[in-house]
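Heads up: the structure comes next, in structure tokens.
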Amino acid sequence: MSFTAPPPPVFAGENYHIWVVKMKTYLQAQDLWSVVENDIEPPPLRANPTIAQIRQHAEESTKKHKALACLQNGVSDVIFTRIMACSTPKEAWERLKEEFMGSDKTRQQQVINLRRDFENLKMKESESIKQYSDRIMATVNSIRLLGEDFSDSRVVEKVITTLPERFESKISSLEDSRDLTTISLSELVNSLYALEQRRANRQEDHPEGAFQAKAKENSSSSHKGKKPWLDKRDKLRRDSGKRKFPPCVHCKKTTHSEKFCWFRPDIQCRSCKQFGHVEKVCKNKPKAPAQQQIQAQAVEDLQVQEEHVFTASCFVSSNKVKSNWLVDSGCTHHMAADESLFRDLDRSHVSKIRIGNGDLIQAKGKGNVVINTRSGNKVISDVLFVPDIDQNLLSVGQLVEKGYSLVFENGACVVKDTYGQELISVAMTDKCFMLNMNQLEKKAYTSLADNTDLWHRRLGHVNYRSLDLLHKMNMVDDMSRVEVKDTVCEVCQLGKQARLPFPANMAWRARDKL
Numbered sequence: 001m002s003f004t005a006p007p008p009p010v011f012a013g014e015n016y017h018i019w020v021v022k023m024k025t026y027l028q029a030q031d032l033w034s035v036v037e038n039d040i041e042p043p044p045l046r047a048n049p050t051i052a053q054i055r056q057h058a059e060e061s062t063k064k065h066k067a068l069a070c071l072q073n074g075v076s077d078v079i080f081t082r083i084m085a086c087s088t089p090k091e092a093w094e095r096l097k098e099e100f101m102g103s104d105k106t107r108q109q110q111v112i113n114l115r116r117d118f119e120n121l122k123m124k125e126s127e128s129i130k131q132y133s134d135r136i137m138a139t140v141n142s143i144r145l146l147g148e149d150f151s152d153s154r155v156v157e158k159v160i161t162t163l164p165e166r167f168e169s170k171i172s173s174l175e176d177s178r179d180l181t182t183i184s185l186s187e188l189v190n191s192l193y194a195l196e197q198r199r200a201n202r203q204e205d206h207p208e209g210a211f212q213a214k215a216k217e218n219s220s221s222s223h224k225g226k227k228p229w230l231d232k233r234d235k236l237r238r239d240s241g242k243r244k245f246p247p248c249v250h251c252k253k254t255t256h257s258e259k260f261c262w263f264r265p266d267i268q269c270r271s272c273k274q275f276g277h278v279e280k281v282c283k284n285k286p287k288a289p290a291q292q293q294i295q296a297q298a299v300e301d302l303q304v305q306e307e308h309v310f311t312a313s314c315f316v317s318s319n320k321v322k323s324n325w326l327v328d329s330g331c332t333h334h335m336a337a338d339e340s341l342f343r344d345l346d347r348s349h350v351s352k353i354r355i356g357n358g359d360l361i362q363a364k365g366k367g368n369v370v371i372n373t374r375s376g377n378k379v380i381s382d383v384l385f386v387p388d389i390d391q392n393l394l395s396v397g398q399l400v401e402k403g404y405s406l407v408f409e410n411g412a413c414v415v416k417d418t419y420g421q422e423l424i425s426v427a428m429t430d431k432c433f434m435l436n437m438n439q440l441e442k443k444a445y446t447s448l449a450d451n452t453d454l455w456h457r458r459l460g461h462v463n464y465r466s467l468d469l470l471h472k473m474n475m476v477d478d479m480s481r482v483e484v485k486d487t488v489c490e491v492c493q494l495g496k497q498a499r500l501p502f503p504a505n506m507a508w509r510a511r512d513k514l
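Residue numbers (UniProt numbering): 1 to 514.
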């Protein structure tokens, strides 16, 4: 019975440490490793050699070429060009080792980094013992592949000292019954895995009351109003989404079975009445914004009684409220969805933002927004332009960082500047603090006349047009908006009146003694 040697392992430029072990074993099986390791020429034949000696000398001479052929066939074409000029297998082996394994100094640095990773390993609470042992052994094997000795007893000690508290009882029993210095890693992992499995089975047999109630609640709410055959069909679809199927003959995907494919040729679309797809993936489906609005309103009416736990949810929306700003302690930056709100916008500032549902949206600029307050116009600086959100957001953290103070009391949020002057007061609505700029401007205009007279008196009864010019040119800090009035100030009128002239022919002489 003849034995055919398997092909050598192929190295394509990655995982060199693994390929070295496989190739060394392969060469040892072919009795060629001594030629690669020593590179010694066979001794010359003596005088009058026998046929067996000639044959043996020929075999020893061809070993070098066989080993070089194995190395050349064991690498890809890209790697072969780097060793094609090598004439001996030892030269080719050393060149690959020098290029992909590095010098001794580089290997020592890699060993130090791997040892540091090994010392920092700890088991996570959501991790199983099998997963944790696999992580440890991956690091240990990487160290061993670099030529460093790493004993199994040290690995066992690492596992024991880094286990969470739920394995404490098992470790204590092992310490009392066994010598931990002689126990193997596989034996330790199997015993801990058995304990883990027993606990998992016990939890399945006796679920906790909270989880059981939650499961019943979810089941009743999800199946409410559905017919039994629809529940069974949905269950089949959910179960099918967890498995992998053979490639579908219609769409070539492996996430569903053929009978649930959306592109079956015998199915008719309800929108375009054509065969070959369902309504969900129809490309000819007409857009109906009015119908979507009606459906959204119906859903909103059904959810009136529900508690609004998190209102600052950011999703793609076409209906953006320009004048509303939500005071939010959860966001780290001010965000606005409307470009017209910005006084100046730097579009070169582009960044990624993670929203509440875990998705990433893009900020397409950064600038300043001007708002009207009781003490005048205020600039909200460093506002991100995020067109994909449906709500403007005021970051509490960024306001505090800029020196402003926020006081939440009596059902309102009061924003004060660095001097303690009140800027904005936001009333709580539906457990949220929503700042409406339109209402804020109305309140500002009601006190506009009083502010105009105040600045008129404060600046020495200067005329109203000059006051308006000072405000427009921002020549006075924290100056509120003024109104050009047609009325006349009484004090100015009295102060600018001319005195009556003296009589022309009036004379007076004293007739008596003074």
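We put the beta carbon where it would ideally sit given N, CA and C, even for glycine. Quick caveat: nothing in here was measured; it's all calculated off a predicted structure.
Where DSSP assigns a beta bridge to residue i, which residues make up the other side?
i, result
"serine 351", "Ala363"
"lysine 378", "Ile371"
"lysine 416", "Ser405 and Glu422"
"phenylalanine 263", "Bridge partners of phenylalanine 263: none, in fact."
"aspartate 346", "Lys366"
"glutamine 30", "Per DSSP, none; premise fails for glutamine 30."
"asparagine 324", "Asn436"
"phenylalanine 11", "Val75"
"phenylalanine 275", "Gln268"
"threonine 429", "Cys432"
"methionine 335", "Leu384 and Leu393"
Assuming residue i and residue j are in contact, meaning their beta carbons sit under 8 Å apart, how far apart are those beta carbons, in whole angstroms?
i, j, result
"histidine 250", "phenylalanine 263", "4 Å"
"alanine 5", "glutamine 30", "7 Å"
"glutamine 391", "leucine 326", "5 Å"
"isoleucine 160", "isoleucine 143", "That pair is no contact at about 19 Å."
"proline 265", "threonine 254", "Not a contact, Cβ separation roughly 20 Å."
"valine 36", "proline 89", "5 Å"
"lysine 285", "glutamate 279", "7 Å"
"tyrosine 464", "valine 491", "Going by Cβ atoms, the distance from tyrosine 464 to valine 491 rounds to 14 Å, so no, they are not a contact pair."
"arginine 82", "glutamate 99", "7 Å"
"cysteine 269", "glutamate 258", "Contact doesn't hold; Cβ gap of about 19 Å is too wide."
"leucine 435", "leucine 394", "7 Å"
State the Cα-Cα distance for the pair residue i and residue j, rounded to the nearest angstrom.
i, j, result
"glutamate 157", "isoleucine 136", "12 Å"
"residue 522", "valine 383", "Only positions 1 to 514 of the chain appear in the structure, and residue 522 is not among them; the question remains open."
"glutamine 108", "serine 34", "27 Å"
"aspartate 346", "serine 381", "12 Å"
"valine 415", "glutamine 493", "40 Å"
"isoleucine 40", "glutamate 91", "12 Å"
"glycine 13", "methionine 101", "11 Å"
"serine 186", "valine 155", "11 Å"
"glutamate 94", "cysteine 86", "10 Å"
"serine 329", "valine 396", "5 Å"
"leucine 68", "phenylalanine 118", "38 Å"
"lysine 24", "threonine 106", "22 Å"
"leucine 96", "threonine 332", "51 Å"
"glutamate 422", "lysine 352", "34 Å"
"asparagine 120", "lysine 431", "44 Å"
"histidine 277", "arginine 166", "52 Å"
"leucine 500", "threonine 452", "32 Å"
"lysine 22", "glutamine 53", "33 Å"
"threonine 62", "valine 111", "38 Å"
"histidine 349", "phenylalanine 385", "9 Å"
"histidine 17", "lysine 122", "26 Å"
"glycine 403", "valine 462", "33 Å"
"asparagine 190", "lysine 124", "18 Å"
"cysteine 48", "glycine 74", "The residue asked about is misnamed: residue 48 is asparagine in this sequence, not cysteine. Cα-Cα distance, rounded: 40 Å."
"leucine 32", "valine 20", "14 Å"
"glutamate 59", "leucine 145", "32 Å"
"glutamate 148", "alanine 337", "58 Å"
"glutamate 168", "leucine 180", "14 Å"
"aspartate 512", "alanine 498", "35 Å"
"serine 222", "asparagine 15", "With a pLDDT of only 46 at serine 222, under 50, the local geometry of the prediction cannot be trusted, and no value is derived from it."
Considering only heavy atoms of the ligand HEM, does any lie closer than 7 Å to the CB of residue i?
i, result
"aspartate 468", "No copy of the ligand HEM appears in this structure; indeed no ligand is present at all."
Within the 8 Å Cβ cut-off, does residue i reach chain D?
i, result
"lysine 105", "Among the chains of the structure shown, chain D does not appear; only one protein chain is present."
Whether or not the region 356-371 and the region 328-342 are in contact is what I'm after, with contact meaning three or more pairs of Cβ atoms, one per stretch, closer than 8 Å; do they touch? yes
Three-pair Cβ contact test at 8 Å for the region 122-133 versus the region 187-201: yes
Tell me, please, whether the region 353-363 touches the region 406-424 by the rule of three or more beta-carbon pairs shorter than 8 Å. no
Within the region 76-143, ranges of the beta strand (DSSP E) (whole runs, at least 3 residues): none
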